[in-house]
Amino acid sequence: MQGRPRVKSLVVSVTLITVVLVVTAVPIGGLPPLSQLLNPSSGVWDPHIPSYATGVQYLNVTVNGSTSAIVVYRESDGFIGIDSNTTWGMYYEQGYLEAQYRLEEMDFLKRTALGTLSQVVGPSVLSSDIFYRTLEDYQIAAEERAGLTVTNQTYQAMHSFVLGINAYINSLTPATLPILFKLLDYAPHAWNVTDVLAVQQLFIWQNSAGGMDPLYFNYALQKMPESVIQGLYPSYPAGIQNPIVPNSINPSIYNEIGDMQNLTLYSPSYNYTGISSPGVAQSDALAIRAYSQINAEDSYAFEKYFGYNGSLNMQYATFRDFGSNDWAVNGVKTGNSSALLANDPHLTTSAPSIWIGFQLVSPGENAVGVIFPGFPGIILGHNTNVSWGATNGQVQETYFYAETVSSAHPYMYYMNGTWNRFQLINESIPVKGEVNYRLTVERAANGVVIQNGSSPIAMDWTGLYPSYEITAVLLNDRANTVNEFRQNLVAYFKVAIQNWAVADSSGNIGIFPYGNYPVVNAGNPRGILPGTGQFNWMGFIPIDKLPYLYDPARGYVFSANQITVSQNYPYYIGWDYESGYRADEIHYLLNSTYGFNTSKMESVQLSVHDFTSNILLRPLLSSLEYGGLAGTAGYANISAWDGNMTVNSVAATIYYFWLSNLVNDTFRPYLQYYNITPAEGLKQTSFFLGSDATYHGPLIEDIINWTLTNPSIHWFNNPITGKARNETDVMLLAYNQTITYLDSAYGSISGRWEWGNVHQRVLSSFFGVSSMNTEQLPAAGDGNTVNAAYGLVSDFGPSWRMVVNMSHPQSAVGIYPGGISENPLSSYYSNTFAAWNDGTYFRLIPETAPAQFYTGYAGVV
Amino acid sequence: MRYGTLIAFLSSLLISFALSFTYYWYLIFIPDIIVGLFLVVRIRYALLVGIGAALGTTLQILSYEGSFRLSESALVAGVAGIPGGSAIFFAFTFIIVFIIASLGTAIGMSLNPVIKKREKDNNPG
């Protein structure tokens with residue numbers, strides 16, 4: 006006889022299993038469902054890292070009936086050579102390989118540009134999406150795409166490139182998705198040409214100088230008397246300056262009447278009453294706070310019950326451009342034997358790197374160097390005839406306007422005597438876990454509104470108008486001479502002005518800070534301008550008046566983000582440059598060295614001598630003697646020091662902190678006296694004692710200038726206490742603060758004070774995830790050295806180093822820190838970090854490379 | 627019955643091991659319903675079958691590139707800000723498989739008429 010099933014037990018079991026299945030099938034906090042995350046076949050237990058087997062691979066790629074033969078050569082330093090019998094095949098394979106090794110990075114860049122990052126990350130990045138949508142990245146990219154025909158070479162290169170990206174994306178399965186996609190629970194979308202152009206918009210913004218500085222500086226203009234502005238913030242940098250294009254070498258660009266004579270650079274043109282969060286409209290800032298509040302409440306509840314707040318530890322910030330070096334030598338500097346070029350752009354040193362290295366070979370092209378993931382071509386590198394590098398031009402490319410609005414004229418602004426309608430763009434931003442965020446972007450004739458309110462502030466930026474910098478990049482990969490390179494810049498490189506240093510195989514060199522330099526004819530562009538129309542851009546500086554040098558008799562050109570021109574240049578082009586001490590050191594080394602070869606170029610690039618010590622060390626020692634400190638261990642170390650920021654130097658550590666204190670002790674009283682608040686930029690920008698004030702901007706320049714010309718100048722007085730001070734007093738104060746701090750942090754003076762113990766380099770996670778950072782390595786250099794290492798735990802510096810001798814460019818060397826892979830578990834994630842930190846270079850075209858990679862070169866050298 | 631339990635344990639372990647190579651690892655409860663229906667008679671044995679399934683999944687995770695997979699999960703834990711590194715993922719995976727498999731077995735047991743009859747025989751009143 007058979008019994009009946011146990012109903013009660015069955016019901017309980019089925020109920021429980023249903024509950025478990027449902028709970029594991031729903032997302033938890035910011036994480037995907039557990040059934041997906043813990044899946045042994047596709048979740049966190051199934052790491053899939055694209056293989057990187059060094060050596061040669063032969064492929065045939067067929068697209069739309071056309072076949073291209075391709076040779077891929079993977080090198081141990083992470084560079085990849087691609088040789089193809091077709092141009093499209095080369096770009097296709099480049100797209101495929103960029104996606105294979107950097108898909109997460111590319112997708113984040115694309116989402117940043119398109120303003121869709123919060124769709125996958127959540128409200129924490131909503132402000133980024135709002136900002137890039139306000140910059141109209143997508144709309145401008147779409148306009149640029151519409152301006153290209155399908156037969157255009159730039160279009161064809163990008164089209165082939167995205168086909169390669171998409172071929173890789175299509176090959177992925179849930180199991181082979183890179184880990185961040187799994188963790189964030191989304192799959193990458195296919196790319197198109199507009200996406201590449203949107204990423205171009207992102208990069209030209211990141212590399213455009215000026216930023217939001219005028220919003221902050223307007224407070225100084227409003228709160229400080231004109232005499233103080235003139236004393237502390239001269240419109241032309243004070244101190245020792247070696248301009249990129251001095252009047253003495255190229256006077257032809259100085260003989261014109263420009264706009265400088267019409268500007269008022271020491272008084273405000275507009276009195277500004279409110280600043281919320283520069284770059285984000287006030288109403289949006291409130292909304293972001295509301296979104297964050299909701300998110301924070303969710304996280305709190307989650308943490309209370311689960312001991313974990315359910316959100317990812319991401320502090321994603323794309324990258325920052327802090328400074329760079331490039332120079333070229335020829336003629337008397339090389340015994341007329343050759344032209345050589347060196348370049349090291351200083352960007353965030355992240356892992357994965359913001360660079361990816363390629364050699365691209367196809368009919369008519371053999372170029373090698375680096376490119377940003379998401380782009381085709383080589384942006385910094387060399388080909389058979391030309392080598393090139395870039396530094397940020399530091400030219401002001403953002404101007405700010407206070408618009409006149411009225412409730413009687415909604416959605417309108419007053420300009421040139423009439424009411425004009427804002428162009429409105431309605432956006433809906435998907436936010437993970439929240440409702441869509443609705444944004445209305447307002448655009449006036451003089452820019453996009455970045456802060457609304459009773460007087461909306463519009464920002465005009467040269468990048469708000471379609472341009473084709475990518476075309477300049479692709480054409481220059483095939484350039485044959487310095488002059489051809491220059492013509493491509495003139496035609497296509499308009500935004501994110503760079504100091505392009507170029508050398509060719511005929512021994513010519515040049516430097517070309519070309520692009521669109523706005524011209525205004527009244528007011529003070531260092532701050533906010535009235536939006537009435539009369540202060541709008543009149544146009545751009547004529548091309549024949551743009552700064553440049555070509556084959557100067559002295560035999561070298563160089564830039565390190567210093568002032569572009571001499572003081573009598575007729576046009577206003579900006580004022581907040583790098584302080585120029587890297588440039589001064591490079592100038593000294595180039596001027597005093599002859600017989601340049603690759604080794605000597607590397608020595609300059611790796612110099613860790615702080616030029617400021619040439620000027621400040623002697624007065625510091627005198628101050629210590631005056632203060633009765635000559636018998637101290639600190640004095641002994643400093644007096645024996647050569648000014649080199651080496652890892653085993655105790656004096657370097659003392660000097661670094663002392664210099665920082667000196668700048669702070671001199672200027673902080675003024676900023677307090679005139680009530681510059683953190684909301685107004687205190688400690689945020691270099692000119693208001695930001696963290697970079699000791700190597701960037703006007704304050705350190707003032708101190709050097711006063712030291713050289715008038716150490717008793719009244720600016721050393723303390724305006725708050727009324728105490729009269731001279732330089733010696735402030736130097737002693739700063740020194741005592743330094744010793745007190747170092748004593749407390751590292752004990753009494755000993756080997757623990759060595760610079761390498763205090764100062765390290767790290768490759769920080771590109772995605773802002775601290776657990777994906779690399780180890781920290783003791784590092785030489787500081788923010789004023791050619792081999793720059795900004796900050797105490799430095800993740801800014803020479804993100805790419807290259808030296809090319811154009812007599813035999815096939816022996817060029819270079820290195821970027823990190824590796825090809827974006828997965829921290831890969832042995833190619835940070836494999837070049839230690840070598841880079843030690844100053845090692847790799848051949849860009851290895852001696853063992855297949856013969857086709859030497860096409861156009863005179864064999865292996 | 628002892629052999630039946632042993633067979634049930636091993637079956638669950640092997641099936642779980644095999645399912646873990648597919649996308650449908652959490653469907654282990656379905657075969658374990660059958661296991662419970664024919665091979666398991668006491669609830670504590672159902673728990674044993676759950677342990678077998680959890681071990682099967684664990685063995686699959688460690689069967690190839692084990693240390694690498696542990697490193698990957700530790701990395702994910704770090705990225706997500708989850709304390710405990712790979713151990714927390716291991717614990718969750720083990721517990722989920724254990725619960726699902728045990729419950730599946732229990733469902734199978736509930737459907738087994740022989741057990742019902744035996745219970746009646748043991749409790750005639």
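In order, the protein sequence lines correspond to chains X and B.
Here the first sequence stands for residues 6 to 866, where the numbers follow the numbering used here.
Here the second sequence stands for residues 627 to 751, where the numbers follow the numbering used here.
Just so you know, even glycine gets a beta-carbon here, dropped at the ideal spot from N, CA and C.
Since the model is a prediction, treat every value here as computed from it, not as a measurement.
Counting C-beta pairs closer than 8 Å gives three or more between the stretch 758–774 of chain X and the stretch 347–359 of chain X, which meets the contact rule. The beta carbon of I22(X) sits closer than 8 Å to some beta carbon of chain B. Taking a beta-carbon distance threshold of 8 Å, N44(X) counts as an interface residue toward chain B.
Straight across, the Cα-Cα distance linking Y660(X) with M650(X) is about 9 Å. With contacts defined as CB atoms closer than 8 Å, P814(X) and Y859(X) fail to qualify as a contacting pair. Just measuring C-alpha positions, the residue of T67(X), V76(X), L15(X) sitting nearest T731(B) is L15(X).
When 9 Å is used as the limit between beta carbons, I733(B) is near these residues of chain X: S14, L15, S18, V19, I22, in chain order. For I687(B), the closest Cβ of chain X is nearer than 8 Å. Bridge partners of M417(X) according to DSSP: R426(X). When secondary structure is reduced to three states using DSSP, S770(X) falls in the strand class.
The Cβ of I726(B) sits closer than 8 Å to at least one Cβ of chain X. Residues of chain B whose Cβ lies closer than 7 Å to the Cβ of W50(X) are, in chain order, I687, R695, S699. Here the stretch 845–853 of chain X does not lie against the stretch 644–661 of chain B, with fewer than 3 beta-carbon pairs under 8 Å apart. Interface flag for S47(X) against chain B is set, since a Cβ pair is found closer than 8 Å.
Only those residues of the stretch 768–785 of chain X whose C-beta falls short of 7 Å from the nearest C-beta of chain B are listed: V774, S776, M777.
Under the 8 Å criterion on CB atoms, L729(B) is classed as interfacial with respect to chain X. Counting only residues of its own chain and dropping the five nearest sequence neighbours on each side, S47(X) has a CB closer than 6 Å to the CB of P179, A180. Per DSSP, the beta bridge partners of I462(X) are A407(X), Q456(X).
Where P219(X) is concerned, the enclosing alpha helix (DSSP H) starts and stops at 218–228. Residue-level contact by beta carbon holds for V25(X) and chain B, with a gap shorter than 8 Å. By the Cβ neighbour-count rule, H719(X) is exposed, with fewer than 16 other Cβ atoms within 10 Å of its own. When DSSP reads this structure, L782(X) sits in a beta bridge with R766(X). With a contact defined as Cβ atoms closer than 8 Å, L43(X) and F715(B) qualify at about 6 Å. Taking 8 Å as the CB threshold, I722(B) lines the interface with chain X. Y629(B) and A680(B) have their C-alpha atoms some 20 Å from each other. With respect to chain B, the C-beta atom of P179(X) has a partner C-beta closer than 8 Å. Below 8 Å, too few C-beta pairs join the stretch 670–679 of chain X and the stretch 788–803 of chain X to call them touching: fewer than three. For F655(B), the chain X residues whose C-beta falls within less than 7 Å of its own C-beta are I22, listed in chain order. Closest in C-alpha terms to E370(X), from the list T20(X), L26(X), W93(X), comes W93(X). Minimum Cα-Cα distance from S835(X) among the listed residues S358(X), L202(X), I258(X) corresponds to S358(X).
Taking a cut-off of 8 Å for Cβ pairs, the stretch 638–650 of chain X and the stretch 601–619 of chain X touch, as three or more such pairs fall below it. In the three-state reduction of the DSSP assignment, L268(X) falls in the strand class, which pools E and B. Burial state of V27(X) is exposed, judged by a 10 Å Cβ sphere holding fewer than 16 other Cβ atoms.
Fewer than three beta-carbon pairs drawn from the stretch 235–244 of chain X and the stretch 539–553 of chain X are found closer than 8 Å, and the two stretches are therefore not classed as touching. When the five nearest sequence neighbours on each side are left out, the beta carbons in the same chain lying within less than 6 Å of the beta carbon of D697(X) are those of S691, in order along the chain.
Interface with chain X (8 Å Cβ-Cβ cutoff): Y690(B) is excluded.
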